[in-house]
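These protein sequences, in sequence, are chains A and B.
Reading the first sequence from the start, the letters are residues 1 to 150 in the working numbering.
Reading the second sequence from the start, the letters are residues 1001 to 1150 in the working numbering.
Inspection log for the structure reproduced underneath, given as structure tokens.
There are 2 protein chains.
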Amino acid sequence: MRLRDTRVVAWLQMMRVSDKMERLSNEHIRCLGMTGAQFDVLAQLSTHEGISQQALSEKLFVTKGNVCGLIGRMEQRDLVKRRPDPNDKRANLLFLTEKGRALAERVMPEQERFVAEQMNALSEQEQTTLRSLLRQLDRSLPDNPLTPTL
Amino acid sequence: MRLRDTRVVAWLQMMRVSDKMERLSNEHIRCLGMTGAQFDVLAQLSTHEGISQQALSEKLFVTKGNVCGLIGRMEQRDLVKRRPDPNDKRANLLFLTEKGRALAERVMPEQERFVAEQMNALSEQEQTTLRSLLRQLDRSLPDNPLTPTL
DNA sequence: CCAAAATAGTTTATACATATACTATAAGGT
DNA sequence: ACCTTATAGTATATGTATAAACTATTTTGG
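Written as structure tokens, this is what we have:
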């Protein structure tokens, strides 16, 4: 049996835990009436209503093509609406509908509580340590090409 | 500005870092001639050649429907092949082709080196601490329904 | 043995995500 | 002004992923 670099073990464990957490989070969101990607859109629009699709795609670290389809589906469900930008005929500005705002306000605090609980296995001290280690890793990694010098 | 639970901050940072790492890893794999999901299949078959699609889906934590499509695409590219299980007419056993084995042997060590480097920002001591914290989190999270009591 | 339940694989519908090419508009430089 | 280039959004093709329905076998209980 070949021995594995301990760094690779750490990497795999990191992926395993984050995958597990994301699955739980997405499952919880789905029970509350939408998908994980749609929740991210509602959360962004709650604090940045009126941004363009382009700006949204940068905040979400996804392509504009992805946002285009995502917003299309959410518009069909009457969660958001597009309005033409009066200052730029190319652009759409994005707004929550009443239904979208109500859903966001219901789900966001619940979701925060849910993900916070996933950290309860660690003490305050350990959470601080974890954040410090993650910050170090984050800073050492190159920036995502989808967010050019954010 | 509302204050956020520090646990939520830790959660978000964890997702951010793992997303960044996975993107880099997938990008690197793509340069070497396949997708991330396909790499995972080759890696599993390298050590467990001859397993069924069902067993593979459990190892990869994905649905059997997903594996069915994935193996279909990889069979088209002549990376793997299906053979009927002589002991169970329902099942397929999976094998690497020569091309698949050669690709796996070329890419796997390279990929290990690549992901190991992503941990270099942490000292040996810090890597140990990180693994310990991740292990604690992992044990506190419920098991994935896709892997019933693995 | 045989009917019922479980299992392996496939298929279909839906959602997400990327890359690429395309349209329309905007901004800049000469 | 005009032409080039950049930008915002859309459309298409491909890959990944799930859930749910379906087929074909196998297992199991009576």
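For every residue, glycine included, the Cβ atom is placed at its ideal position computed from N, Cα and C.
I'd like to know whether the C-beta of residue i is nearer than 8 Å to at least one C-beta of chain A.
i: residue 1147 of chain B; result: Note that residue 1147 of chain B scores a pLDDT of 44, beneath 50, so its modelled location is shaky; the value from the coordinates is reported in the next line. False, the Cβ-Cβ gap to chain A never drops below 8 Å.
i: residue 1104 of chain B; result: no
i: residue 1126 of chain B; result: yes
Identify the continuous beta strand (DSSP E) that holds residue i and give its terminal residues.
i: residue 83 of chain A; result: 80-85
Within 10 Å of its beta-carbon, does residue i have 16 or more other beta-carbons around it, so buried, or fewer, so exposed?
i: residue 34 of chain A; result: buried
i: residue 103 of chain A; result: buried
i: residue 65 of chain A; result: exposed
i: residue 90 of chain A; result: exposed
i: residue 54 of chain A; result: exposed
i: residue 1018 of chain B; result: buried
i: residue 1012 of chain B; result: exposed
i: residue 92 of chain A; result: buried
i: residue 76 of chain A; result: exposed
i: residue 7 of chain A; result: buried
i: residue 111 of chain A; result: buried
i: residue 1127 of chain B; result: buried
i: residue 1149 of chain B; result: With a pLDDT of only 34 at residue 1149 of chain B, under the threshold of 50, the placement of this residue in the model should not be trusted, and no figure is reported.
i: residue 125 of chain A; result: exposed
By DSSP's criteria, residue i is part of a beta bridge. Which residues make up the other side?
i: residue 94 of chain A; result: A:82
i: residue 18 of chain A; result: None, per the DSSP bridge assignment.
i: residue 212 of chain A; result: No answer is possible for residue 212 of chain A: it lies beyond the span of chain A, which begins at 1 and ends at 150.
i: residue 1052 of chain B; result: B:1093
What residue range does the alpha helix (DSSP H) around residue i cover?
i: residue 36 of chain A; result: 36-47
i: residue 1005 of chain B; result: It is not in any alpha helix (DSSP H) - residue 1005 of chain B carries neither H nor E in the DSSP assignment.
i: residue 62 of chain A; result: Unbroken run through residue 62 of chain A: none, as it is neither H nor E.
i: residue 1133 of chain B; result: 1124-1140
At least one CB of chain B closer than 8 Å to the CB of residue i: is that the case?
i: residue 59 of chain A; result: no
i: residue 38 of chain A; result: no
i: residue 56 of chain A; result: no
What's the C-alpha gap between residue i and residue j?
i: residue 1107 of chain B; j: residue 1051 of chain B; result: 21 Å
i: residue 31 of chain A; j: residue 1105 of chain B; result: 43 Å
i: residue 1087 of chain B; j: residue 59 of chain A; result: 53 Å
i: residue 115 of chain A; j: residue 26 of chain A; result: 10 Å
i: residue 57 of chain A; j: residue 1042 of chain B; result: 33 Å
i: residue 1024 of chain B; j: residue 1036 of chain B; result: 10 Å
i: residue 101 of chain A; j: residue 45 of chain A; result: 9 Å
i: residue 1009 of chain B; j: residue 38 of chain A; result: 20 Å
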